[in-house]
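A.B. asks: What follows is a structure written as structure tokens; I'll ask about it next.
Numbering (this note's numbering), first residue to last: 1 to 405.
This is how it looks when you write it as structure tokens:
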């Protein structure tokens, strides 16, 4: 009997122990579920104070000091511009994030590999030496300028439309997979060549301050803005870029530039204001009634061709070095071409030539009498930019077109 009671007691104790074990196990599972469902806003998960404060203020909707899966999923945009952040650890929790702007902080690293829904990333003006974007295949806009990047792989970012990576240390940039790019800026890097043949959607290209020796833009028929200044170019073909409104190419070694097929630049040259900045180059600028500016910037030694002269009806004989005073006064010619040996044009040489509409004067001509073309109305002087003839036209309010034969 006693033995039976001991057995029953033992069974009861075992049952209690089993129940206790089950209860503890259940509590452990519940605790793990809670830990898995929430991200506590603390220095472990978000070590940067500024980022942690931002998460508390803008992501923790119920203010309980932790982020639920619902709260995390609701975060589509994070704006931390100019906040002084040194770390963005914790951003990996926000997997639904579409827009991240951490411009001008103190970041030395940035891991966005878990933010696969990112469309817009701004991380300019930090101290990033590396940026891995291989997982961010939905990215449409990227600004990573002003960092310490020596390489940038955007081959997986085929939806990119906007790319700014200026002021880094890039020696190469492959954009052959980025066929949707409309705006590309890689100014002030160390790039010596680039293939833009697949970027046919480009509307704006800024590549100044690099080491480019060639720049092929013949496939970029939608370009309206091109800045390739301060490179090592000796030629530039913009004949297919018929929509150009802005072109800057000073600081190269381009001897001649033909913009005849670019009507907006032709307007700038033919109707705009000519300004010579000396060692900084020259410009033609013109605005229409809608306050849209058309601008062309180039080196003083670059001859601009913006118009084709009409067929001449009088050509000054080759090897002629001067045109004497009153030599052609009241003559009836309409289009005149002077030889590349001509040095001087005398007083009233073409005075009262009322039919004269175009004259080509070469760069060799260094002296033109003030009254050489008195009485010539509607005259256009064609001459190389920076020549004495160009200065004469400007001083005497005569229409001038940069041109070389």
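Ideal Cβ placement from N, Cα and C applies to all residues, glycine included.
#1: Is the Cβ-Cβ distance between residue 157 and residue 126 less than 9 Å?
#2: For residue 88 and residue 118, which I take to be in contact (beta-carbon distance under 8 Å), what is that distance rounded to the nearest angstrom?
#3: Just the Cα atoms here: how many angstroms apart are residue 63 and residue 55?
#4: Kindly identify the DSSP beta-bridge partner or partners of residue 445.
#5: Can residue 384 and residue 363 be called in contact, C-beta distance under 9 Å?
#6: Under a three-way DSSP split, which group does residue 57 fall into?
#7: Using alpha carbons as the reference points, say which of 386, 189 and 120 lies closest to residue 301.
#8: Identify whether residue 303 lies in helix, strand or coil by the three-state DSSP scheme.
#9: Does the Cβ of residue 35 have 16 or more other Cβ atoms within 10 Å, making it buried, or fewer, making it exposed?
#10: Counting Cβ pairs closer than 8 Å, one from the region 341-348 and one from the region 307-323, do we hit at least three?
#11: Using the Cα positions of residue 333 and residue 398, report the straight-line distance between them to the nearest angstrom.
#12: Taking the continuous alpha helix (DSSP H) assigned at residue 70, which residues delimit it?
#13: Here's a check: name, in chain order, each residue in its chain whose Cβ is nearer than 8 Å to the Cβ of residue 291, leaving out the five neighbours to either side.
#14: Considering only the alpha carbon of each residue, which of 150, 140 and 48 lies closest to residue 128?
#15: So residue 269 is in the beta strand (DSSP E); what residue range does that whole segment cover?
#16: Under a Cβ-count criterion, where at least 16 other Cβ atoms within 10 Å of its own Cβ denotes burial, should residue 194 be classed as buried or exposed?
#17: Using a Cβ distance threshold of 8 Å, determine whether the region 220-237 contacts the region 265-279, with at least three qualifying pairs required.
#18: At which residue ranges does the region 163-247 contain complete beta strand (DSSP E) runs of 3 or more residues, listed in the order of the chain?
C.D. replies: The short version:
#1: Going by C-beta atoms, residue 157 is not nearer than 9 Å to residue 126.
#2: Not confirmed; about 13 Å, so no contact.
#3: Near 10 Å, if we compare the C-alpha coordinates of residue 55 and residue 63.
#4: Any answer about residue 445 is impossible in this case: the structure gives the chain only from 1 up to 405.
#5: Going by C-beta atoms, residue 384 is nearer than 9 Å to residue 363.
#6: Note: residue 57 maps to helix in three-state DSSP.
#7: Among 386, 189 and 120, the Cα nearest to that of residue 301 belongs to 386.
#8: When DSSP states are grouped into helix, strand and coil, residue 303 belongs to the strand group.
#9: With a pLDDT of 48 at residue 35, under the threshold of 50, the predicted position of this residue should be treated as unreliable, and no value is reported.
#10: The region 341-348, when compared against the region 307-323, does touch it at the 8 Å Cβ threshold.
#11: Their backbone Cα atoms lie some 18 Å apart in a straight line.
#12: In the DSSP assignment, residue 70 falls within the unbroken alpha helix (DSSP H) covering 69-74.
#13: Correct list: empty, nothing qualifies.
#14: Closest by C-alpha distance to residue 128, out of 150, 140 and 48, is 150.
#15: In the DSSP annotation of this structure, residue 269 is not part of any beta strand (DSSP E); the continuous alpha helix (DSSP H) holding it starts and ends at 263-271.
#16: Classification for residue 194: buried.
#17: Contact fails: fewer than three Cβ-Cβ distances are below 8 Å.
#18: DSSP assignment within the region 163-247 yields the following whole beta strand (DSSP E) runs of 3 residues or more, N-terminal first: 183-185, 204-206 and 225-227.
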